[in-house]
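See below for the structure under consideration.
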Amino acid sequence: MVLFGPPGSGKGTQSKLLVERLGIPQISTGDMLREHIQNGDGIGRTVEARMKAGLLVPDALVNELVEARLAQPDAERGFILDGYPRTIAQGGVLLELLDRNHAEAVVIHLVVDYNVVIARITGRRQCPKCGTLYNLHSRPPKVAGICDLDGEPLVIREDDREQVIRERMDEYRRQTSPLIDFFRESGRRLYEIDASRATPLAVFDQICGLLDCEPVISHDGHAPQP
Ligand code: ADP
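Under our numbering, the first residue of the sequence shown carries the number 1, and numbering increases by one thereafter.
What follows is the structure, encoded as structure tokens:
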């Protein structure tokens with residue numbers, strides 16, 4: 001499944017809900033790249049400046065990361081792509097990979113208003129330790145500035161600052177939004193969901209309705225009995 005939409009459309013939140021429901025992994029290229037930066041490795045050093053500026057990182061690099069990740073055994077039964085593909089070149093690589101593995105794709109396009117996105121992202125806070133996302137407007141922590149789960153002080157992601165958000169939105173408009181026609185023309189299942197006003201759970205219900213969600217793997221890690 002490809003979760004598609006501009007920054008702040010709720011791809012990360014929906015991915016996490018879908019992971020629980022479907023028992024398949026979330027593959028977030030943004031999270032993978034941030035991990036490399038945190039580790040201070042070669043990939044991290046290559047991408048850091050571009051990510052901080054809100055610009056996309058090179059296709060070849062993310063394509064390689066995704067290809068290696070999809071080869072892991074936990075992705076065998078399916079996966080949720082969050083933040084990939086983001087350019088036509090990445091889309092081509094993904095479709096080739098899926099065809100080679102006789103895998104089907106379902107693309108969910110989360111459609112949101114520009115102003116809603118700006119308000120959402122500027123209110124976003126994250127726990128640097130466990131990754132839990134909060135929002136000052138829609139999902140504040142119980143104690144201001146502190147993670148409910150582990151008491152860690154919350155942080156603003158470096159690229160969630162206002163001038164960088166505009167750059168990310170520009171990148172989306174220029175490089176990523178043309179993928180909608182690309183998916184449509186390639187004959188993949190493409191669904192649009194209005195994610196501007198609905199709550200995260202209402203959006204999730206709509207996605208489940210489209211997919212007729214059944215857990216792929218139950219919580220004990222085994223496939224459910226037919
Ligand atoms: P958001 O969807 O909220 O913008 P992400 O965490 O998905 O946030 O991405 C953060 C940044 O990581 C992007 O602005 C870009 O620099 C980089 N990035 C993530 N995924 C890709 C990708 N598929 N191709 C190129 N750059 C990417």
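Cβ coordinates follow ideal geometry from the N, Cα and C atoms, glycine included.
Inset, instruction - List the DSSP bridge partners of Q26. - result: In the sequence shown, residue 26 corresponds to position 26, counting from 1. Answer is I80.
Inset, instruction - Verify the contact flag: M1, CB atom, against every heavy atom of the ligand ADP, threshold strictly below 7 Å. - result: To locate residue 1, count along the sequence shown from 1; it is residue 1. Every heavy atom of the ligand ADP is 7 Å or more from the Cβ of M1, so no.
Inset, instruction - Measure the alpha-carbon distance for N135 versus F182 and round it to whole angstroms. - result: Numbered from 1 along the sequence shown, position 135 holds the residue referred to as residue 135. Numbered from 1 along the sequence shown, position 182 holds the residue referred to as residue 182. When rounded, the separation of the alpha-carbon atoms in N135 and F182 is 33 Å.
Inset, instruction - Might you give, ordered along the chain, the residues of its own chain that have their beta carbon closer than 6 Å to the beta carbon of D220, omitting 5 neighbours on each side? - result: Mapped onto the sequence shown, residue 220 falls at position 220. Low confidence applies here, because D220 scores a pLDDT of 47, under 50, leaving its location unreliable; read the following figure in that light. There are no such residues.
Legend entry - Exposure of V66, with buried meaning 16 or more beta-carbon neighbours within 10 Å: Against the sequence shown, residue 66 aligns to sequence position 66. Label assigned to V66: buried.
Legend entry - 4 or more residues per run - each alpha helix (DSSP H) lying fully within the region 101 to 136: 114 to 122
Inset, instruction - Indicate the three-state DSSP secondary structure (helix, strand or coil) for I156 in the structure shown. - result: The residue you call residue 156 lines up with position 156 of the sequence shown. Looking at I156 - three-state DSSP - the assignment turns out to be coil, as it is neither helix nor strand.
Legend entry - Alpha carbon of I108 to alpha carbon of S9, nearest angstrom: In the sequence shown, residue 108 corresponds to position 108, counting from 1. In the sequence shown, residue 9 corresponds to position 9, counting from 1. Those two C-alpha atoms are separated by around 11 Å.
Inset, instruction - Please find out if some non-hydrogen atom of the ligand ADP comes closer than 7 Å to the beta-carbon of L55. - result: Sequence index remark: in the sequence shown, residue 55 carries index 55 (1-based). Flag set: Cβ of L55 near the ligand ADP.
Inset, instruction - With a 10 Å radius around its C-beta and 16 neighbouring C-beta atoms as the bar for buried, classify Q14 as buried or exposed. - result: As a working note, residue 14 is residue 14 in the sequence shown. So Q14 ends up on the buried side.
Inset, instruction - Could you tell me whether the region 91 to 103 touches the region 204 to 212, using the rule of 3 or more Cβ pairs below 8 Å? - result: no
Inset, instruction - Identify whether R69 lies in helix, strand or coil by the three-state DSSP scheme. - result: What you label residue 69 is simply residue 69 of the sequence shown in a count that begins at 1. Looking at R69 - three-state DSSP - the assignment turns out to be helix.
Legend entry - Candidates L190, A198, D74, of which the one nearest I24 by Cα: By one-based count along the sequence shown, residue 24 stands at place 24. Per the Cα distances, D74.
Inset, instruction - Please state whether DSSP places L56 in a helix, a strand or coil. - result: Taking the first residue of the sequence shown as 1, we reach residue 56 at position 56. Coil at L56, not helix or strand.
Legend entry - Beta-carbon gap between G5 and V111 smaller than 8 Å: Within the sequence shown, the letter at position 5 stands for residue 5. Within the sequence shown, the letter at position 111 stands for residue 111. A Cβ-Cβ contact shorter than 8 Å links G5 with V111.
Legend entry - Per DSSP, the bridge partner or partners of R189: On the sequence shown, position 189 is the one that residue 189 refers to. DSSP lists V106 as partners of R189.
Legend entry - Under 8 Å between C-beta atoms of P36 and G30: Looking up residue 36 in the sequence shown gives position 36. Looking up residue 30 in the sequence shown gives position 30. Reading off the sequence, residue 36 comes out as His, not Pro. No, the pair does not count as a contact, with Cβ atoms beyond the cut-off.
Inset, instruction - Select from C130, G131, Q126, D159 the residue whose C-alpha is nearest the C-alpha of A144. - result: Residue 144 sits at position 144 when you count from the first residue of the sequence shown. Of the listed residues, the one whose Cα sits closest to A144 is Q126.
Legend entry - When T87, P128, L133 are compared against L61, the one with the closest alpha-carbon: Within the sequence shown, residue 61 is the residue found at index 61, counting from 1. Selected option, being the one with the closest Cα: T87.
Legend entry - Given S138 as reference, the closest of V47, L22, A198 once Cα atoms are compared: The sequence position of residue 138 within the sequence shown is 138, counting from 1. Answer by Cα proximity: A198.
Legend entry - Proximal residues to E192 (C-beta, below 6 Å), its chain only, five neighbours per side dropped: Reading the sequence shown from its first residue, position 192 is the one you call residue 192. Within the same chain, E192 has close Cβ partners H109, V111.
Inset, instruction - Less than 8 Å between the CB atoms is what I'm expecting for P7 and I165, so what's the real figure, rounded? - result: Along the sequence shown, read from residue 1 onward, the residue named residue 7 stands at position 7. Along the sequence shown, read from residue 1 onward, the residue named residue 165 stands at position 165. Indeed they touch by this definition, with Cβ atoms about 7 Å apart.
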